[in-house]
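Letter by letter, the sequence shown follows residues 0 to 251 of numbering that gives the first Met the number 0.
Accompanying notes for the structure given below.
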Amino acid sequence: MQKAILSTKKLCKTFSIGGNQQHVLKNLDVQIAGGDFTVIMGSSGAGKSTLLYALSGMDKPTLGEIYFGDQEISKLSNDKLAVFRRNHCGFVFQQIYLMDNMSILDNIIASGLLVNKNHKAVVQRAKQLLLRLNLDETMWRKFPAQVSGGEAQRAAIVRALINNPEILFADEPTGALNSASGKAVLDTLTEVNEQGQSIVMVTHDLKSARRGNRIIYLRDGVICGECQLGKYVSGDKERHEKLNAFLNEMGW
């Protein structure tokens, strides 16, 4: 197992709702190894997305510590957290969030220029990534509304990768897609993970979960169990059965 790229100590998150305290995350100790494809699962309200947002610096914990390597990020100011996310993290959401009035290529270039002011280098990397993720030149100048949901989501993955993030966070990335488009997106995530990209993904979808090599199961803000699946191989029945048995044990 590689060294942890991300870790937490006694991570807690509490929300105040109607004067009542809702403890969403409770004393979580989590380690995310470099190169892993970690999947966070659990029933609705278990704290999956809250954990993802805390790990990525999109939200601050109420208590506890979060480390990116040896750097504690949980105490950074909002401005410094924004810089941290821009330089180290990539994000893919269920809603694609591409700019409607910009072409696919320009959406990606705009994100790249936030970090790298060398326009020529950013354009070159954007085109290389688009081709690598099977988005050919016929799509580059189209607007998001002119391509399929799966193509738009793959473009969003390119945008998330443009700045060479150490870790890619994905929150239900196939949740709004049909089965064919969803598979294309999962194939893309699997491919970039096989090339060394660290991924943390929240999902409630079994097909998506099978792509991970490690499953973390949350219940009521607590980690109830973990499952190691190893490298993804398409059509691996043993993998499917192992994950099903684990989720049944967790009460999924």
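Each residue gets a CB set at the ideal place from its N, CA and C atoms; glycine is no exception.
All figures in this text were calculated on a predicted structure; none of them were measured in a lab.
Nonlocal neighbours in the same chain, by C-beta distance under 8 Å from residue i, ignoring five residues either side
i, result
"Arg218", "Gly41, Ser42, Ala45, Met249, Gly250"
"Cys88", "Ser55, Gly56, Pro164, Glu165, Ile166, Leu167, Phe168"
"Lys241", "Cys226, Leu228"
"Ile31", "Ala3, Ile4, Leu5, Ser6, Thr37, Leu54, Ile166, Ser197, Val199"
"Cys11", "His22, Leu24, Lys25, Asn26, Leu27, Pro60, Thr61, Leu62, Gly63"
"His239", "Arg209"
"Asp99", "Phe142, Pro143, Ala144"
Exposure of residue i, with buried meaning 16 or more beta-carbon neighbours within 10 Å
i, result
"Phe298", "The question about residue 298 has no answer here: the residues shown for the chain are numbered 0 through 251."
"Asn106", "buried"
"Gly211", "buried"
"Arg140", "exposed"
"Gly261", "Because the chain spans 0 through 251 in this model, residue 261 falls outside it and cannot be assessed."
"Met138", "buried"
"Asn77", "exposed"
"Ala144", "exposed"
Neighbour flag for residue i against chain B, beta carbons, 8 Å
i, result
"Leu104", "Protein chain content of the structure displayed is limited to a single chain, and chain B is not contained in it."
Alpha carbon of residue i to alpha carbon of residue j, nearest angstrom
i, j, result
"Gly195", "Gly17", "44 Å"
"Asp142", "Glu71", "One point to set straight first is that residue 142 is Phe, not Asp, in the sequence displayed. Cα to Cα, the separation comes out at about 39 Å."
"Gln94", "Ala155", "10 Å"
"Gly149", "Ala179", "8 Å"
"Glu190", "Asn162", "18 Å"
"Ser73", "Leu51", "13 Å"
"Arg131", "Lys182", "16 Å"
"Thr13", "Leu176", "32 Å"
"Asp135", "Lys116", "25 Å"
"Phe19", "Asp58", "One point to set straight first is that residue 19 is Asn, not Phe, in the sequence displayed. In a straight line, the C-alpha of Asn19 is about 20 Å away from that of Asp58."
"Phe90", "Glu237", "31 Å"
"Val29", "Asn192", "20 Å"
Beta-carbon separation (whole angstroms), residue i vs residue j, contact threshold 8 Å
i, j, result
"Lys199", "Arg153", "Reading off the sequence, residue 199 comes out as Val, not Lys. Val199 to Arg153, Cβ: 19 Å. No contact."
"Val201", "Ser48", "6 Å"
"Val114", "Arg85", "6 Å"
"Ala125", "Leu104", "6 Å"
"Leu160", "Leu128", "6 Å"
Close-in-space but distant-in-sequence residues of the same chain around residue i (CB under 6 Å, 5 per side omitted)
i, result
"Cys226", "Ile214, Phe245"
"Leu80", "Gly56"
"Gly224", "Tyr216, Met249"
"Gly174", "Gln93"
"Val221", "Lys25"
"Ser110", "Arg158, Ile161"
Of the listed residues the options, nearest to residue i (C-alpha basis)
i, options, result
"Gly63", "Ala32, Ile39, Leu24", "Leu24"
"Val252", "His203, Cys223, Asp186", "Here the chain covers residues 0 to 251 and nothing more, so residue 252 does not appear."
"Glu171", "Ala208, Asn115, Val121, Val122", "Ala208"
"Leu188", "Ile65, Leu104, Lys8, Gly34", "Gly34"
"Asn243", "Tyr96, Val29, Asp204", "Asp204"
"Tyr66", "Lys9, Lys236, Glu237, Leu128", "Lys9"
Sequence-distant residues of the same chain with beta carbon closer than 7 Å to residue i, five excluded per side
i, result
"Leu75", "Phe83"
"Val122", "Ile108"
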